[in-house]
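Participant:
Residue numbers (UniProt numbering), protein chains in the order written: chain A, 1 to 281; chain B, 1 to 287.
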């Protein structure tokens, strides 16, 4: 009971503190901007721990954060092996191939109005499809190892990326293109110096959406068959053995990898599209 | 008219490529069978056989269409083999999850727009929550909720809700902040209260954003519902159909379930689009 009480007290104190910081001049500083979300994160962990201890929730339903942390620290080699198998081999290679192919396709169909008019509705349609459903088929075709996971990832990221790239390439205004024409710039010069830079915000939007899709695709594809390592494999077998602390450790790895991946792409974006209004501070 | 022609050309090209791929991928099995029986097959016979295998590597389009026709129109709707039945199971949890997610998303967005503390603390975590591959742990959530005693529709709907709340939050926050300073000032000169500003200015001007994010959300909800059906316990729904298909090598069954899911997604997104057009026209906001 005391654990519950402490959690509730901590929650109230954290809320009060967050409101105080948010409404004070400190909220404009970097420290304030980091402190408020960090406070919420810590609060969630403390309340979680308090509820699990206070209500004595069995570990097969919801393990406490401290237990998960212990498992995480104790099984680092296994987690690292799974991470390499799923993220580096499956998700990352599929991400690079899929996004690269979509970018190349967008530039290829850029010169033909007819292909654009035909491909865009189909691409939009397929981008909203449950493409994850092709996972069992691709696992059947490419075998159990990382190649089939990469194939699922390629299919998942291709259409969102294609739609964004094509839209981005149409972003430069008629005035700007006319200016390039008065410079007697060739098609490729216009593409490299005007239209590709103008397309970058859209391209990066596609790249950012694709980061999470890639991780999801690689993990879910492992449910349909995989060698004896990989995050998806570990999650599905540990659920069967009721080792939920291990499952949550894998989820932590996935969340960290996903956030880092997204953050890295966002950082590159900030460097490349420094001129865009949304990047100004 | 021209764009319709272009779309049809692209679709025709995809179907043609599909047929060629089907011949290429299925011919190995045909040749193996022929070699085992000691018969030499002509090219025409090989092609004919690749079109009509029972468990092809890649079923030809007409086989999938025939299976779809067989399992939707010719089966009774209540039959366990009817795709309409399985589609209905998936659809119901999609819609329930979508509604929960949308309502939660709107409430969260209203809180974020009105409270600075919530804006600063919740928004970064809402973004971070989407980098957690919830789809990947969906089966575990189903199993755990099952052991607590929550069964049937709700666990699946929960996954759908988690996936669909995020686009709604982002879209609604943008939409509720869409009115510019001039309009807000005008409301202030009318001495409008916070509630009146919300109902008469912020909410109406957020509608275009709301519908745009609803389109994304309902597609995400469907994907959530399908993946939530993957754990071995589920025997009904499109996701379960795909899983059993992959266990028993029934490729035609997987493909027909996939097409049914695609059809369902297209209908749902189209329905939201229709709703958007009607609402925005009634409100005088249609372009």
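Backbone N, C-alpha and C fix where the C-beta goes; we use that ideal spot for every residue, glycine too. Since we're looking at a predicted model, the values are computed, not measured.
Whose Cβ in chain A lies nearer than 8 Å to the Cβ of residue 245 (chain B)?
Facilitator: Residues of chain A passing the Cβ test: 136.
Participant: From what residue to what residue does the alpha helix (DSSP H) around residue 146 (chain A) run?
Facilitator: Run containing residue 146 (chain A): 146-169, per the alpha helix (DSSP H) assignment.
Participant: Under the three-state reduction of DSSP, which class applies to residue 206 (chain B): helix, strand or coil?
Facilitator: It is coil, neither helix nor strand.
Participant: Do residue 99 (chain A) and residue 161 (chain A) have their C-beta atoms within less than 8 Å of each other?
Facilitator: Yes, these two residues count as a Cβ contact at 8 Å.
Participant: Below 8 Å on the Cβ atoms is my guess for residue 222 (chain A) versus residue 113 (chain A); work out the distance and round it to an integer in Å.
Facilitator: At roughly 42 Å, the Cβ-Cβ gap does not stay under 8 Å, so residue 222 (chain A) and residue 113 (chain A) are not in contact.
Participant: Just checking: is the beta-carbon of residue 250 (chain B) within a distance shorter than 8 Å of some beta-carbon in chain A?
Facilitator: Not an interface residue.
Participant: Quick one: is residue 69 (chain A) near chain B, going by C-beta distance under 8 Å?
Facilitator: No, residue 69 (chain A) lies away from the interface with chain B (no Cβ there is under 8 Å from its Cβ).
Participant: Leaving aside the five residues before and after residue 302 (chain B) along the sequence, list all residues of the same chain whose C-beta is less than 7 Å from its C-beta, in chain order.
Facilitator: As shown, chain B starts at 1 and ends at 287. That puts residue 302 (chain B) outside it, with no answer to give.
Participant: Could you list the residues in the segment 217-237 of chain B with a C-beta less than 7 Å from some C-beta on chain A, going in chain order?
Facilitator: Within the segment 217-237 of chain B, the qualifying residues are 219, 222, 223, 226, 227, 230.
Participant: Residue 61 (chain A) lies in the alpha helix (DSSP H); which residues open and close that run?
Facilitator: Here residue 61 (chain A) belongs to no alpha helix (DSSP H), and DSSP marks it neither H nor E.
Participant: Quick check on the burial criterion: 16 or more other C-beta atoms within 10 angstroms. Buried or exposed for residue 215 (chain B)?
Facilitator: Per the 10 Å Cβ criterion, buried.
Participant: At a Cβ cut of 7 Å, what residues of the segment 92-123 of chain A count as close to chain B, listed as they run along the chain?
Facilitator: Cβ contacts with chain B: 114, 117, 118, 119, 121, 122.
Participant: Could you run through the segment 252-286 of chain B and flag, in chain order, every residue whose CB is less than 8 Å away from some CB of chain A?
Facilitator: Of all residues in the segment 252-286 of chain B, 254, 255, 257, 258, 261, 262, 265, 266, 269 have a Cβ within less than 8 Å of some Cβ in chain A.
Participant: So is residue 190 (chain B) buried or exposed if we call it buried at 16+ other beta carbons inside 10 Å?
Facilitator: Burial call: exposed.
Participant: Within the 8 Å Cβ cut-off, does residue 19 (chain A) reach chain B?
Facilitator: Yes, residue 19 (chain A) lies at the interface with chain B (some Cβ there is under 8 Å from its Cβ).
Participant: Counting only Cβ pairs nearer than 8 Å, list the residues of chain C close to residue 27 (chain A).
Facilitator: Looking at the structure shown, chain C is missing, and the protein chains on hand are A and B.
Participant: Could you spell out where the alpha helix (DSSP H) holding residue 283 (chain A) opens and where it closes?
Facilitator: Missing from the structure shown is residue 283 (chain A); chain A here goes from 1 to 281 and no further.
Participant: Pop quiz: residue 222 (chain B) and residue 261 (chain B) are said to be a contact at Cβ under 8 Å. What is the actual Cβ separation, rounded to whole angstroms?
Facilitator: Right, their Cβ atoms sit about 7 Å apart.
Participant: Any residues in the segment 124-158 of chain A with a beta carbon nearer than 8 Å to a beta carbon of chain B? Which ones, in chain order?
Facilitator: Of all residues in the segment 124-158 of chain A, 125, 128, 129, 130, 132, 133, 134, 136, 137, 139, 140, 141 have a Cβ within less than 8 Å of some Cβ in chain B.
Participant: Looking at residue 98 (chain B): is its Cβ nearer than 8 Å to the Cβ of residue 160 (chain B)?
Facilitator: For residue 98 (chain B) and residue 160 (chain B), yes; Cβs fall inside 8 Å.
Participant: Classify residue 171 (chain B): buried if its beta carbon has 16 or more other beta carbons within 10 angstroms, exposed otherwise.
Facilitator: That one is buried.
Participant: Should residue 51 (chain A) be flagged as near chain B, meaning a C-beta pair shorter than 8 Å?
Facilitator: Not an interface residue.
Participant: Taking only beta carbons into account, state which residues of the segment 255-268 of chain A come closer than 7 Å to chain B, listed in chain order.
Facilitator: Here the close residues are 255, 258, 259, 262.
Participant: Can you tell me the Cα-Cα spacing of residue 275 (chain A) and residue 269 (chain A), whole angstroms?
Facilitator: Approximately 11 Å between the Cα atoms of the pair.
Participant: Which residues bound the alpha helix (DSSP H) around residue 276 (chain A)?
Facilitator: Segment: none, residue 276 (chain A) is in no alpha helix (DSSP H) and carries neither H nor E.
Participant: Residue 102 (chain A) to residue 251 (chain B), Cα distance in whole Å?
Facilitator: Cα-Cα distance, rounded: 27 Å.
Participant: Just how far apart, CA to CA, sit residue 196 (chain B) and residue 188 (chain B)?
Facilitator: Near 10 Å, if we compare the C-alpha coordinates of residue 188 (chain B) and residue 196 (chain B).
Participant: Since residue 271 (chain B) is in the alpha helix (DSSP H), which residue starts that stretch and which ends it?
Facilitator: It spans 251-282 - the alpha helix (DSSP H) in which residue 271 (chain B) sits, taken as one unbroken run.
Participant: Could you check whether residue 218 (chain A) and residue 94 (chain A) sit closer than 8 Å to each other, using their CB atoms as the reference points?
Facilitator: Yes, these two residues count as a Cβ contact at 8 Å.
Participant: Mind checking residue 245 (chain B): buried by the 16 CB within 10 Å criterion, or exposed?
Facilitator: Flag for residue 245 (chain B) reads buried.
Participant: Leaving out five residues on either side along the sequence, give the residues of the same chain with a beta carbon under 8 Å from the beta carbon of residue 254 (chain A).
Facilitator: Correct list, in chain order: 215, 219, 231.
Participant: Taking 8 Å as the cut-off, does the segment 223-243 of chain A touch the segment 182-195 of chain A (at least 3 CB pairs, one atom from each stretch)?
Facilitator: As far as the Cβ criterion goes, the segment 182-195 of chain A does not touch the segment 223-243 of chain A, which means the pair count is below three.
Participant: Where residue 248 (chain A) and residue 127 (chain B) are concerned, what is the direct C-alpha to C-alpha distance, given to the nearest angstrom?
Facilitator: So the alpha carbons of these two residues sit roughly 20 Å apart.
Participant: Alpha carbon to alpha carbon, what distance is there between residue 91 (chain B) and residue 152 (chain B)?
Facilitator: Using only the alpha carbons, I get a separation of about 13 Å.
Participant: Taking only the alpha-carbon atoms, compute the straight-line gap between residue 210 (chain B) and residue 168 (chain B) and give it to the nearest angstrom.
Facilitator: When rounded, the distance between both Cα atoms is 7 Å.
Participant: When burial is assigned at 16 or more other CB atoms within 10 Å of the CB, is residue 209 (chain A) buried or exposed?
Facilitator: Counting Cβ neighbours within 10 Å, residue 209 (chain A) comes out buried, since at least 16 surround it.
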